[in-house]
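Peer 1:
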Amino acid sequence: MKDLLKSIDSASQTFGLTWPLYSFVTSNPLSGYEHLPFEEATQKAARLLQASTYPKASVYEEALRKGDIDKAVLKDCLLAHQLQESPETYLNEMKAGEAAEVHPSYQALDVIMAKWLAAFMDEGLAEWEMPNKERGFYAAWKILAAFDASLGKKLTNSLPDTSLEALEWVLQKNNITNYQTFFEQHMAPLSGWVGYIKHREQNNTVWQQSFPMSVTDYLAVRLNIAQHLYGKLEDVAISNTTVTGYQLKNIWLQAWEKSFQNTLVATLETQQEKQADHTNSEIAAQMVFCIDTRSEAIRRHVEAQGPYETYGYAGFFGIAMDYQHYDKDITTKSCPPIVASPYVVTEKPLESKVEAAGDFLQEKNEEKATEYVLRRLKNMLPSSFGFVEGAGFFYGISLTMQTIMPQFLYKWKTKNTLTHEPVCSPEISYQTGNQLAGKDIALEEKVAIVKSAFNLTGWQKFAPLVLFIGHGSHTTNNPFASSLDCGACAASPGRHNARVLAKLANLPEVRQVLRTEHEIDIPDNTVFLGGEHNTTTDAITLFDAQVPKSHEAALEALKTQLKKAQKTATQERLLTNAESVALAHKKATDWDETRPEWGLARNAGFIIAPRSLTQHTNLNGRCFLHSYNYKKDPTGAALEGILCGPMVVTQWINNHYYFTTVDTDKFGGGSKITHNITGKFAVVQGNGGDIKMGLPLQSLKAADNEMYHQPLRLTVVIQAPLSRVEQILKKHQNLQNLLDNAWIYLKVLDTDNNNKTTAYTKNFKWIPEPSQPIGNEVSVKETRGVLVN
201 MKDLLKSIDS ASQTFGLTWP LYSFVTSNPL SGYEHLPFEE ATQKAARLLQ ASTYPKASVY
261 EEALRKGDID KAVLKDCLLA HQLQESPETY LNEMKAGEAA EVHPSYQALD VIMAKWLAAF
321 MDEGLAEWEM PNKERGFYAA WKILAAFDAS LGKKLTNSLP DTSLEALEWV LQKNNITNYQ
381 TFFEQHMAPL SGWVGYIKHR EQNNTVWQQS FPMSVTDYLA VRLNIAQHLY GKLEDVAISN
441 TTVTGYQLKN IWLQAWEKSF QNTLVATLET QQEKQADHTN SEIAAQMVFC IDTRSEAIRR
501 HVEAQGPYET YGYAGFFGIA MDYQHYDKDI TTKSCPPIVA SPYVVTEKPL ESKVEAAGDF
561 LQEKNEEKAT EYVLRRLKNM LPSSFGFVEG AGFFYGISLT MQTIMPQFLY KWKTKNTLTH
621 EPVCSPEISY QTGNQLAGKD IALEEKVAIV KSAFNLTGWQ KFAPLVLFIG HGSHTTNNPF
681 ASSLDCGACA ASPGRHNARV LAKLANLPEV RQVLRTEHEI DIPDNTVFLG GEHNTTTDAI
741 TLFDAQVPKS HEAALEALKT QLKKAQKTAT QERLLTNAES VALAHKKATD WDETRPEWGL
801 ARNAGFIIAP RSLTQHTNLN GRCFLHSYNY KKDPTGAALE GILCGPMVVT QWINNHYYFT
861 TVDTDKFGGG SKITHNITGK FAVVQGNGGD IKMGLPLQSL KAADNEMYHQ PLRLTVVIQA
921 PLSRVEQILK KHQNLQNLLD NAWIYLKVLD TDNNNKTTAY TKNFKWIPEP SQPIGNEVSV
981 KETRGVLVN
């Protein structure tokens with residue numbers, strides 16, 4: 201029994217988590233393989249999952265044609281592996297290998313299992329629930345299995361009582377000895393469902409507490425159905441893709457990555473000549489944005505409007521919290537998924553806004569009641585036909601308006617809606633389960649949160665206005681909407697964290713401790729505000745209900761400049777000089793818009809350095825930017841926090857985009873065109889099958905066969921003393937694994953050696969890199985023109 205459970209656990213570790221649509225988190229789908237070198241891991245995963253783990257030959261061909269792969273770099277990489285033929289020869293060899301791939305599966309078994317999983321794991325979409333769910337998946341299935349006509353001959357109820365006993369019976373009947381491999385082969389065909397089972401188990405969700413489900417249950421049901429259908433169970437066949445094919449694709453990938461790195465490093469080396477210390481210049485306002493790649497452009501455009509300084513900081517702003525929605529009966533996580541949430545944030549109406557807040561809640565409750573009645577009328581069998589026939593005319597008008605006048609309909613629907621941020625103040629307290637639950641958090645904890653923000657970003661002086669700006673997105677008719685919000689906030693908007701940090705930084709008692717104990721002297725005339733960057737429209741909203749009169753004029757001037765920045769940013773992003781803001785709003789409100797925005801597509805780099813290193817450079821939204829000043833971090837504590845936190849998260853994001861791009865059907869979401877929502881938490885392609893664990897094709901490609909996101913591993917660039925970086929890496933084995941196994945690349949601009957670029961190879965071997973001429977980067981217009989088509 202013990203060995204069986206151990207084998208189940210080991211097999212399940214091979215598969216990553218699948219996150220629900222309402223809190224969609226980008227993560228490495230091969231996280232269970234990170235202990236292996238990338239090349240070995242991708243080969244094993246490809247065989248087990250029957251998936252592509254490298255770009256297709258046609259993608260490499262396109263990258264070579266566009267100049268994204270430098271042909272000289274490619275030839276050098278090929279020669280380094282004693283491959284002396286032309287690139288075209290190896291392209292043809294890769295194409296031939298792809299045509300020979302074989303992907304067998306238990307198709308009938310997969311269909312039956314997906315049906316049962318969808319019925320049991322439904323989270324409120326179905327009006328009629330599967331009975332006996334409270335007993336657990338195996339027990340509920342066992343009661344109903346005899347009535348499943350899809351199994352052919354009737355499956356009797358003489359099944360073992362528990363899932364473990366049922367598994368043991370199947371294993372003994374088929375004389376299976378290698379449990380782990382056998383289990384992996386039966387998890388792989390429905391790895392999306394398995395990933396969601398793991399998510400429910402690990403996060404102990406509300407649905408898991410009410411209707412328990414385990415990987416053991418999944419295997420027990422699947423293998424008993426398999427035994428019933430096939431009689432004898434054996435190992436599943438695997439793809440016959442050759443090792444040579446993987447090696448070729450890995451070489452081409454390295455050449456592509458090296459081409460990007462050469463351009464990036466050359467750009468930064470050129471910028472170093474302009475790098476200067478701006479601490480003595482007058483700054484009207486400072487703005488802290490998320491490190492998100494979409495912040496790179498808006499930061500440039502904000503800085504161009506006046507004496508403004510911007511910083512990059514992980515978008516949860518260092519506050520490990522859950523957020524209790526003011527207008528909903530739910531609490532959502534608002535920090536990285538791997539971080540525990542000791543705090544919960546609620547909303548308290550301001551004394552002058554109590555009546556407005558009450559009106560807002562009443563309106564929301566009426567809307568929810570109306571929505572509930574309409575949904576019941578539409579879905580319940582006795583009323584559905586009459587309701588749809590009677591209401592069809594009004595639904596027709598609504599559909600027509602959504603199609604031809606989406607912006608007008610959106611404004612009409614929301615004309616009386618009050619946003620609660622201006623009428624409420626966020627209150628932070630200890631989480632449920634803490635002995636101090638519901639009480640205000642301790643002063644020293646408030647100080648630590650604020651201090652961390654300034655330490656990690658290398659803050660030097662304070663402007664009269666300091667803005668913490670989270671980010672969120674707005675789209676219509678988009679099941680994957682949460683994937684466009686802040687990943688650091690567990691796919692929630694970052695506004696809540698931004699407002700909390702601003703409130704804490706404004707507290708006199710917090711400032712006093714910072715001044716007397718930590719040498720962080722915040723001037724009395726500095727005011728902190730929360731805000732939000734809408735990444736679909738590039739609008740920046742400020743939550744300024746409590747700003748003092750002394751700052752109102754400066755704030756109004758800033759808002760004017762932020763609107764100008766919105767206009768120029770949308771012009772650049774949407775490639776139009778005319779009505780760019782209106783076009784951005786149309787994309788946000790149009791219900792048939794498949795690409796409202798690109799999210800984090802094209803991410804490839806993570807730069808940890810002062811803003812002065814990148815300030816005058818257009819990085820085309822390809823790099824995460826975390827502010828860091830090595831001079832303000834003599835112990836390396838701040839850098840250690842960045843490497844252990846944000847760098848690991850950006851690696852997840854990068855690998856998610858990589859794998860969903862190279863195999864959008866297996867690791868991604870397939871095409872939006874044929875999506876159907878199942879159980880309120882996931883989508884399936886068509887009418888069933890495995891649930892989709894990643895982003896849809898439309899978020900990754902310009903067209904079905906045209907690349908937009910370039911599937912490259914993350915290149916991290918740090919400006920700091922090389923010795924400091926190495927010291928931190930030696931303390932953290934997980935970081936060493938990511939580097940030694942080539943899941944990410946690392947380059948250091950060594951400040952102890954005139955900022956010369958040094959590259960990490962393996963086992964702490966560092967190689968000085970020669971200066972690179974800036975290559976011909978693909979133009980912004982060429983790669984982004986799809987947005988206006």
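The working numbering numbers the first residue of the sequence shown as 201 and each following residue consecutively. Using N, Cα and C, we set each Cβ at its ideal position, and we do this for glycine too. Since this is a predicted model, take the numbers as computed values, not measurements.
Only counting the same chain, and skipping five residues up and downstream in sequence, which positions put a Cβ closer than 6 Å to that of E969?
Peer 2: Here residue 969 corresponds to residue number 769 of the sequence shown, with the count starting at 1. Within the same chain, E969 has close Cβ partners T957, A959.
Peer 1: At what residues does the beta strand (DSSP E) containing D522 begin and finish?
Peer 2: Numbered from 1 along the sequence shown, position 322 holds the residue referred to as residue 522. 521-524 is the extent of the beta strand (DSSP E) around D522.
Peer 1: Less than 8 Å between the beta carbons of S363 and Y338, yes or no?
Peer 2: The residue labelled residue 363 in the question sits at position 163 within the sequence shown. The residue labelled residue 338 in the question sits at position 138 within the sequence shown. Contact flag set, yes.
Peer 1: Taking one C-beta from the segment 821-828 and one from the segment 657-674 each time, how about it: are there three or more such pairs within less than 8 Å?
Peer 2: Short answer: they touch.
Peer 1: Could you check where the alpha helix (DSSP H) with Y857 kicks off and where it finishes?
Peer 2: For the purposes of this step, residue 857 is identified with residue 657 of the sequence shown, where counting begins at 1. Here the alpha helix (DSSP H) through Y857 covers 846-862.
Peer 1: Taking Cβ to Cβ, would you say A314 is nearer than 8 Å to G889?
Peer 2: Position 114 of the sequence shown, counted from the first residue, corresponds to residue 314. Position 689 of the sequence shown, counted from the first residue, corresponds to residue 889. Yes, these two residues count as a Cβ contact at 8 Å.
Peer 1: With which residues is A263 paired in a DSSP beta bridge?
Peer 2: The residue you call residue 263 lines up with position 63 of the sequence shown. DSSP output for A263 lists no bridge partner at all.
Peer 1: What would DSSP say about C490, mapped onto helix, strand or coil?
Peer 2: Along the sequence shown, read from residue 1 onward, the residue named residue 490 stands at position 290. DSSP places C490 in coil when its eight states are reduced to three.
Peer 1: Can you tell me the Cβ-Cβ gap for P723 and F668, rounded? I've got them flagged as a contact below 8 Å.
Peer 2: Numbered from 1 along the sequence shown, position 523 holds the residue referred to as residue 723. Numbered from 1 along the sequence shown, position 468 holds the residue referred to as residue 668. At roughly 17 Å, the Cβ-Cβ gap does not stay under 8 Å, so P723 and F668 are not in contact.
Peer 1: What is the rounded straight-line gap between the Cα of D640 and the Cα of V647?
Peer 2: Residue mapping note: residue 640 aligns to position 440 of the sequence shown, counting from 1. Residue mapping note: residue 647 aligns to position 447 of the sequence shown, counting from 1. Straight-line Cα distance between these residues: approximately 13 Å.
Peer 1: What are the uninterrupted segments assigned as alpha helix (DSSP H) that are 4 or more residues long and contained completely in the segment 701-769, given in chain order?
Peer 2: Listed in chain order, they are 708-718.
Peer 1: Would you grab the beta carbon distance between A514 and S541 for me? Rounded to a whole angstrom, and I think it's under 8 Å.
Peer 2: Walking along the sequence shown from the start, residue 514 turns up at place 314. Walking along the sequence shown from the start, residue 541 turns up at place 341. That pair is no contact at about 15 Å.
Peer 1: Taking the continuous alpha helix (DSSP H) assigned at D297, which residues delimit it?
Peer 2: Here residue 297 is taken as the residue at index 97 of the sequence shown, counted from 1. Going by the sequence as given, residue 297 is Gly instead of Asp. It spans 287-299 - the alpha helix (DSSP H) in which G297 sits, taken as one unbroken run.
Peer 1: Return the first residue and the last residue of the alpha helix (DSSP H) that F411 is part of.
Peer 2: On the sequence shown, residue 411 is found 211 positions in, with the first residue counted as 1. First-last for F411: undefined, no H or E at that position.
Peer 1: Just list the residues that DSSP pairs G799 with in beta bridges.
Peer 2: One-based indexing of the sequence shown puts residue 799 at position 599. Answer by DSSP bridge pairing: none, since G799 is not bridged.
Peer 1: Would you kindly check if the distance between the Cβ of I944 and the Cβ of L922 is under 8 Å?
Peer 2: Along the sequence shown, one-based indexing puts residue 922 at 722. Along the sequence shown, one-based indexing puts residue 944 at 744. No, the pair does not count as a contact, with Cβ atoms beyond the cut-off.
Peer 1: So, at 6 Å on beta carbons, what are the nonlocal neighbours of H501 in its own chain, with the 5 sequence-adjacent residues on each side left out?
Peer 2: Working through the sequence shown from its first residue, we reach residue 501 at position 301. Same-chain partners within the cutoff: A765, T768, A769.
Peer 1: Here's the rule I'm using: 16 or more other beta-carbon atoms within 10 Å means buried, otherwise exposed. How should A698 be labelled?
Peer 2: Taking the sequence shown and counting its residues from 1, one reaches residue 698 at position 498. Label assigned to A698: buried.
Peer 1: Residues in its own chain within less than 6 Å of Q885 by CB, not counting five upstream and five downstream?
Peer 2: Translated into positions along the sequence shown, residue 885 becomes position 685. Excluding positions up to five away in sequence, the list reads G870, T874.
Peer 1: What do you reckon, are the CB atoms on Y990 and A485 nearer than 8 Å?
Peer 2: Residue 990 cannot be examined here, being either before or after the span of the chain that is shown, 201 to 989.
Peer 1: In three-state terms, what does DSSP make of C823?
Peer 2: Here residue 823 is taken as the residue at index 623 of the sequence shown, counted from 1. Strand at C823.
Peer 1: If we count the other Cβ atoms within 10 Å of its Cβ and call it buried at 16 or more, is V406 buried or exposed?
Peer 2: As a position in the sequence shown, residue 406 is number 206, starting the count at 1. That one is exposed.
Peer 1: Please go through the segment 616-672 and give each complete alpha helix (DSSP H) segment of 4 or more residues, from N-terminal end onward.
Peer 2: List check, alpha helix (DSSP H) in window: 643-657.
Peer 1: When the distance is taken between beta carbons, is G799 closer than 8 Å to S683?
Peer 2: In the sequence shown, residue 683 corresponds to position 483, counting from 1. In the sequence shown, residue 799 corresponds to position 599, counting from 1. It is a contact, given that the beta carbons lie within the stated cut-off.
Peer 1: Under three-state DSSP, which class holds S439?
Peer 2: By one-based count along the sequence shown, residue 439 stands at place 239. Because the pLDDT at S439 is just 49, under 50, the model does not fix this residue reliably, and the value given afterwards should be weighed accordingly. Correct three-state label for S439: coil.
Peer 1: Let me know the beta strand (DSSP E) ranges lying completely inside the segment 893-951, each 3 residues or longer, listed in chain order.
Peer 2: List check, beta strand (DSSP E) in window: 901-903, 914-920, 944-950.
Peer 1: Please list, in chain order, all residues of the same chain as V727 whose beta carbon is under 8 Å from its beta carbon, the five residues on each side excluded.
Peer 2: Start at 1 with the first residue of the sequence shown, and residue 727 comes out as number 527. Answer for V727: P664, L665, V666, N706, V747, P748, H751, listed in chain order.
Peer 1: Pull up the distance between the alpha-carbon of T731 and that of I720, whole angstroms please.
Peer 2: The count along the sequence shown starts at 1 and reaches residue 731 at position 531. The count along the sequence shown starts at 1 and reaches residue 720 at position 520. Per the sequence shown, the amino acid found at residue 731 is Gly instead of Thr. Rounded to the nearest angstrom, the two C-alpha atoms are 23 Å apart.
Peer 1: Between which two residues does the beta strand (DSSP E) holding A533 run?
Peer 2: In the sequence shown, residue 533 corresponds to position 333, counting from 1. At residue 533 the sequence reads Lys, which differs from the Ala that was named. Note, K533: beta strand (DSSP E), 531-533.
Peer 1: Quick one, which of V415, Y446, I530, P846 has its alpha-carbon nearest H386's?
Peer 2: Reading the sequence shown from its first residue, position 186 is the one you call residue 386. Among V415, Y446, I530, P846, the Cα nearest to that of H386 is on V415.
Peer 1: Which ranges does the alpha helix (DSSP H) cover as unbroken runs of at least 4 residues, wholly within the segment 330-388, from first to last along the chain?
Peer 2: Those alpha helix (DSSP H) runs which fall completely within the segment 330-388 and span 4+ residues are 337-344, 363-374, 379-387.
Peer 1: Are the beta-carbon atoms belonging to S812 and Q475 less than 8 Å from one another?
Peer 2: Locating residue 812 in the sequence shown gives position 612, where the first residue counts as 1. Locating residue 475 in the sequence shown gives position 275, where the first residue counts as 1. It is a contact, given that the beta carbons lie within the stated cut-off.
Peer 1: For K872, which of T467, G894, L433 has the nearest alpha-carbon?
Peer 2: One-based indexing of the sequence shown puts residue 872 at position 672. The residue with the shortest Cα to Cα distance from K872 is G894.
Peer 1: Note down the Cα distance separating F680 from K373, rounded to an integer number of angstroms.
Peer 2: Reading the sequence shown from its first residue, position 480 is the one you call residue 680. Reading the sequence shown from its first residue, position 173 is the one you call residue 373. Taking the straight line joining both Cα atoms gives about 43 Å.
Peer 1: My understanding is that H696 touches P626, with C-beta atoms under 8 Å, so please give their C-beta distance in whole angstroms.
Peer 2: For this step, residue 696 is matched to residue 496 along the sequence shown. For this step, residue 626 is matched to residue 426 along the sequence shown. That belief holds up - the Cβ atoms of H696 and P626 are roughly 7 Å apart, short of 8 Å.
Peer 1: Buried or exposed for R715, going by 16 or more other Cβ atoms inside 10 Å?
Peer 2: The sequence position of residue 715 within the sequence shown is 515, counting from 1. Counting Cβ neighbours within 10 Å, R715 comes out exposed, since fewer than 16 surround it.
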